[in-house]
Amino acid sequence: MRDPDDLGTSNTSSNLSFEAIVAANPARRRFIVGGLSATALALLNGCVAIQRQGTGRAAAKAQFTQPEITFASIASSKEDMVRVPAGYRAAVLIAWGDPISDGPAFKQDASQSADDQLKQSGMHHDGMQFFPFAWADRPDAQPRAEDSQRGLICCNHEYADDGLLHPDGMANWNAAKVAKSQAAHGVSIIEVQEQNGRWGVARPSKYARRITPNTPARVAGPAAGSALMKSALHPDGVNAHGILNNCANGYTPWGTYLTCDENFTFYVVNQSGTIPAEQKRYNINDKGQGYRWHEFDERFDAAKHPNEANQFGWVTEIDPFDPHSVPVKRTALGRFKHEGAMTVVAPDGRVVVYMGDDERFEYVYKFVSRDRFNPADRRANFNLLDHGTLYVARYDADGKGAWLPLIAGGGGLTAEAGFPDQASVCVKTRQAADIAGATKMDRPERVAIHPVTGDAYVTLTNNEDRGKEGKPGPNAANPRAQNIYGHILHWRETGADPCATAFEWDLFVQCGDPAQEQADRKGNIKGDIFACPDGLWFDPRGVLWIQTDAFVREMGRPEFANIGNNQMLCADVTTGQIKRFLTAPRGAEVTGITMTPDMRTLFVNIQHPGESNTMRNDPANPKAVSSWPDGAAGQRPRSATVVIQKEDGNVIGT
Ligand code: FEO
Ligand code: CA
Ligand code: CA
35 MRDPDDLGTS NTSSNLSFEA IVAANPARRR FIVGGLSATA LALLNGCVAI
85 QRQGTGRAAA KAQFTQPEIT FASIASSKED MVRVPAGYRA AVLIAWGDPI
135 SDGPAFKQDA SQSADDQLKQ SGMHHDGMQF FPFAWADRPD AQPRAEDSQR
185 GLICCNHEYA DDGLLHPDGM ANWNAAKVAK SQAAHGVSII EVQEQNGRWG
235 VARPSKYARR ITPNTPARVA GPAAGSALMK SALHPDGVNA HGILNNCANG
285 YTPWGTYLTC DENFTFYVVN QSGTIPAEQK RYNINDKGQG YRWHEFDERF
335 DAAKHPNEAN QFGWVTEIDP FDPHSVPVKR TALGRFKHEG AMTVVAPDGR
385 VVVYMGDDER FEYVYKFVSR DRFNPADRRA NFNLLDHGTL YVARYDADGK
435 GAWLPLIAGG GGLTAEAGFP DQASVCVKTR QAADIAGATK MDRPERVAIH
485 PVTGDAYVTL TNNEDRGKEG KPGPNAANPR AQNIYGHILH WRETGADPCA
535 TAFEWDLFVQ CGDPAQEQAD RKGNIKGDIF ACPDGLWFDP RGVLWIQTDA
585 FVREMGRPEF ANIGNNQMLC ADVTTGQIKR FLTAPRGAEV TGITMTPDMR
635 TLFVNIQHPG ESNTMRNDPA NPKAVSSWPD GAAGQRPRSA TVVIQKEDGN
685 VIGT
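In this text, residue positions in the sequence shown follow this note's numbering: the first is 35, and each later residue adds one.
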């Protein structure tokens, strides 16, 4: 995501119970793989399914052998290109403006209309997932290598750069430009196939579709039909529209896509002069982030329609295999600036979803379903995410932690406190988590779950405000003031059961540069240096992939001189060794990641090449920073999905 200078902090809660505890012993012991009473196993179509398989250390050790990560790591880069290790190749699959099916081709002068854009890939690719077609038929199946040649990709388009999107940028702003900007947001579903070792988009495809902020959608779960979801524009609180600022993602074991609204408040403006507390807590202000949608679309005027902002901030579930399916907002998973939604099947069959709220001093959450996954009947799971318990994390200074349930009527979530029902907890999740006493984190981005041990990892991308005057100071889980480099935190649920309400945690890595003089900026990376971890994902082998999102303005600082462009690395979580695998073009961030079941094709998203400090390119000089991927012939840099394969056809990472 972008983190502009005026992002600010909306968490002014007096929830300082934890911050008051100075870390008596900040050095966290490393967990040793093998100390599990329940061991893990089995990927279920790429979703982690923790199963009880014997007990004790011996069983766990027997189950997990760290795979080899044998490629030769690459140097950091400031070049305007994608670099991968020797023996690998990277090719663009689909870039902003390319047709998703039989739509019009991209025009370098950006003269395509909003209607054209609706038939083309959106801008600023983010989270994504590959769905083999077999998934729709066999939800109980293990991933099979033979399902790796054809499938659907769901891809988020987090935001738009209106400086690039229109021939004259944001000059002469009008309703048509707002419509085109909205059409560049959302999700693309494309059909992809491999032929003779090369991947391409299947065109036309009956599955190809775009989902945008204007696509009809449905509200489900506790907030459906509640007064907080009703507005003059959406009077029943059930029939809704769209998704917005979809950053990272998730997927369910029944083969549906989860897309996560992140910075939805960038588009919402309240110029009434009196912004209510419930809007302030989500950082709604009088200017937004300059998208100017509210000038032509009153949904985004929070003074006129205060409940319209409650339409966003959700995890939305999409069935990619049914091109006519209506996206469903799963309100039981809470409303905040969602990063991803990492799904795990617990030993007893309940489904657990891990989520971060990416803003400074916000929280880590998980949802535990009430009902159990039914592997025999795909559609029987379609409402599984509507019933369950939402928890928020507290990381204690002694290395232990607790999941605090957010249930109306319990733990201070009373009617007097503003929570007369679960709908209000779901809509005002941040305020509920404040009352619960959650730990204020350094911008929680994605959670990854180890496919064998079930251990959890979360990226805390950075937080320069930590310790500043008037802001919370360091705590054990976020131990650095002015944390410009970020860190990755690890925890293990009690009994390796994702439904547990207690866990033990430690710090996996603190990013930094050993060349820095300031002690706490050296970091403790073993291997190749990086900063601002954001994307995080375990492949089926148990290799941890880390993607970075340092901003242009940060890269210009002396502390980032050795770090280079944003990049993707992989980690051996048993040794902590980290190797650089990919470097991105100038101004870009590395976002989505997904693999075919045979692990021989890796799809990675490159987002916002050429982005400047202002988040918007100068339309008069679009190549100022980057012209990737079209190079010298191109005029505008474009976000794109990149296919990475090994020249010898072997597994990625070897
Ligand atoms: Fe869209 Fe939190 O990154
Ligand atoms: Ca992100
Ligand atoms: Ca980010």
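Positions of the beta carbon are idealized from the N, C-alpha and C atoms, including for glycine.
| Asked | Found |
| --- | --- |
| Close beta carbons around Q151, own chain, < 7 Å, minus the five adjacent residues each side | K214, A217 and A218 |
| T625 in three-state terms, based on DSSP | strand |
| Host alpha helix (DSSP H) of S215 (start-end) | A209 to A217 |
| Sheet register partners of Q679 (DSSP bridge) | R123 and T635 |
| Burial state of N297 (16 or more Cβ within 10 Å) | buried |
| Enclosing beta strand (DSSP E) for L198 [first to last residue] | Unbroken run through L198 is the alpha helix (DSSP H), D196 to L199; no beta strand (DSSP E). |
| Closer than 7 Å: residues whose CB approaches a heavy atom of ligand 5 | Ligands in the displayed structure: ligand 1, ligand 2 and ligand 3; ligand 5 is not one of them. |
| Span of the alpha helix (DSSP H), counted from its first residue to its last, around T463 | T463 to A470 |
| Whole-number beta carbon distance between N415 and T286, since they are thought to touch under 8 Å | 7 Å |
| Span separating the alpha-carbon of P201 from that of H159 | 21 Å |
| Sequence-distant residues of the same chain with beta carbon closer than 6 Å to I483, five excluded per side | V82, M376, V378 and A490 |
| Integer Cβ distance of P478 from V492, believed to fall under 8 Å | 6 Å |
| C-beta atoms of E538 and Q516 nearer than 9 Å | no |
| Alpha-carbon to alpha-carbon, N509 and N684 | 44 Å |
| Nearest-angstrom Cβ-Cβ length linking I103 and C604, presumed shorter than 8 Å | 6 Å |
| Stretch-stretch touch, CB-based, cutoff 8 Å, three pairs: the segment 142–156 with the segment 312–331 | no |
| DSSP state of H275 mapped onto helix, strand, coil | strand |
| Nearest-angstrom Cα separation, counted from A534 out to F52 | Model confidence at F52 stands at a pLDDT of 30, short of 50, so the residue's coordinates are unreliable and nothing is read from them. |
| Proximity test, R244 beta-carbon vs ligand 1 heavy atom, cut-off 8 Å | no |
| As assigned by DSSP and simplified to three states, the class of S147 | coil |
| Alpha-carbon spacing of N600 relative to R650, whole angstroms | 18 Å |
| Short Cβ contact (9 Å threshold) for N541 with I522 | Checking the sequence, you will find Leu at residue 541 rather than Asn. Yes, the pair counts as a contact, with Cβ atoms nearer than the cut-off. |
| L447 (DSSP reduced to helix, strand or coil) | coil |
| CB of P133 within 9 Å of CB of K240, strictly | no |
| Extent of the continuous beta strand (DSSP E) to which Q142 belongs | Element bounds for Q142: n/a, residue is neither H nor E. |
| Any non-hydrogen atom of ligand 3 within 8 Å of E498 CB | no |
| Burial state of T463 (16 or more Cβ within 10 Å) | buried |
| Collapsed DSSP secondary structure at T246 in the structure displayed | coil |
| Boundaries of the alpha helix (DSSP H) in which K400 is found, first to last residue | No alpha helix (DSSP H) contains K400, which is instead part of the beta strand (DSSP E) from V398 to R406. |
| Proximity to W130 [Cα-Cα], best of A257, P592 and N190 | N190 |
| Sequence-distant residues of the same chain with beta carbon closer than 7 Å to N248, five excluded per side | Q216, H275 and G276 |
| Simplified DSSP assignment, three categories, for N496 | coil |
| The segment 571–588 touching the segment 623–639, judged by at least three CB pairs closer than 8 Å | yes |
| Any non-hydrogen atom of ligand 1 closer than 8 Å to R464 Cβ | no |
| Pairwise C-alpha distance: T688 and F105 | 5 Å |
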